[in-house]
Amino acid sequence: MAEIKIEQFPCRQDNFGVLVHDAKTGVTASIDAPEEAPIVQALERMGWGLNHIFVTHHHLDHVEAIPALKERYGANVFGPASEAAKIPGIDETVSDGDHFHFGSLRVEVIETPGHTLGHVCYYMPEASVLFAADTLFALGCGRVFEGTPEQMHASLQRLAVLPDDTIVYCGHEYTAANAAFAVTVDPQNAVLERRAEEVARLRDAGMATLPTTIGVEKATNPFLRPSDQAIRTHLGMPDASDAEVFAEIRRRKDSF
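For what it's worth, this note's numbering labels the leading residue of the sequence shown as 1, then goes sequentially.
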């Protein structure tokens, strides 16, 4: 296992800030830049500088603090090439299949259009960590703002094939609301029921529900389970395509 430390903390109303530190080389990256003050406080608490910002997509709640953090730390900003014009202070663009090194670690870029057309996730295989931002949430997925349900379904399937023990950090604390919806489309799933109970306990204690893992999400997240026969039967869609089932689940969540 690679020697990395990850610090997760709340930002804004329901965003997460995430710092990744490579202990071997001492470099640190922020996943997105939702809010300056909590990020600075976390860096100071951990005793780290800030070398890089890995941007997943252009939405304001993920990029707003980039200019201030660049000015304070001189951080190098990576972001999706197709959204570069919408991301302030971007230094290096990345596209699907690209890889680069963060300290001693390999970072692989997985393009996941749907939430936005250029959304990317960052995967560190040696550390078994995925930074999924607003594509994959615990028990949910991002709203399809710019892409299509078919695109989002395909993007999620790309993440679902990663190893089950892959640790997943997401952009928001949406898990309780996602759990409340998930049980309405997958009511016979005992693993989901236990997960929903765990989420309720965590939130009641004021604790974060993240990170999650690919394996947990494959067992409990309805957006990764459109091929499940129980879900299909419950939705009255036994013969539909997986993409059609996904689209119906997303439609229901949008109005939940």
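Glycine included, C-beta positions come from ideal geometry on N, C-alpha and C.
Which two residues bound the contiguous alpha helix (DSSP H) that contains D254?
The continuous alpha helix (DSSP H) containing D254 extends over residues D242 to D254.
Confirm, please, whether the CB-CB distance from C141 to L130 is below 8 angstroms.
No, the Cβ-Cβ distance between L130 and C141 is not below 8 angstroms.
Stretch pair the segment 51–71 + the segment 32–43: three plus CB contacts closer than 8 angstroms
yes
Rounded straight-line distance, which links the Cα of G74 to that of A138
33 angstroms
Contiguous beta strand (DSSP E) assignments of at least 3 residues, all confined to the segment 92–167:
92–94, 99–102, 105–111, 120–124 and 129–133
Write down the C-beta distance between V168 and E217 rounded to the nearest angstrom, noting that I regard them as a contact closer than 8 angstroms.
About 7 angstroms; that satisfies the 8 angstroms criterion.
Within the same chain, show all residues whose beta-carbon is closer than 6 angstroms to that of F78, passing over the 5 residues directly before and after it, in chain order.
Answer for F78: F54, E92 and V94, listed in chain order.
Cβ of V272 within 8 angstroms of Cβ of M124?
Within the shown structure, residues of the chain are numbered from 1 to 256, placing residue 272 beyond reach of any answer.
Determine whether the beta carbon atoms of H57 and P80 lie at a separation below 8 angstroms.
With contacts defined by Cβ atoms closer than 8 angstroms, H57 and P80 form a contacting pair.
Where does D343 fall in DSSP's three states?
What the structure shows of the chain is the stretch from 1 to 256, and residue 343 is not part of that stretch, so it cannot be assessed.
Relative to the C-alpha of A266, which residue among R12, Q13, H59 and L69 is closest?
Because the chain is modelled from 1 through 256, residue 266 falls outside the range shown and cannot be assessed.
If we ignore side chains and look at the alpha-carbon of each, how far apart do P10 and F100 end up?
28 angstroms
Within 10 angstroms of the Cβ of S255, are there 16 or more other Cβ atoms? Answer buried if so, exposed if not.
With a threshold of 16 other beta carbon atoms within 10 Å, S255 falls short and is exposed.
CB of P222 within 8 angstroms of CB of D164, strictly
D164 is positioned such that its CB atom lies no closer than 8 angstroms to that of P222.
Assuming contact is defined by CB atoms lying nearer than 8 angstroms, are P113 and G89 in contact in what I supplied?
no
Boundaries of the beta strand (DSSP E) in which I4 is found, first to last residue
I4 to C11
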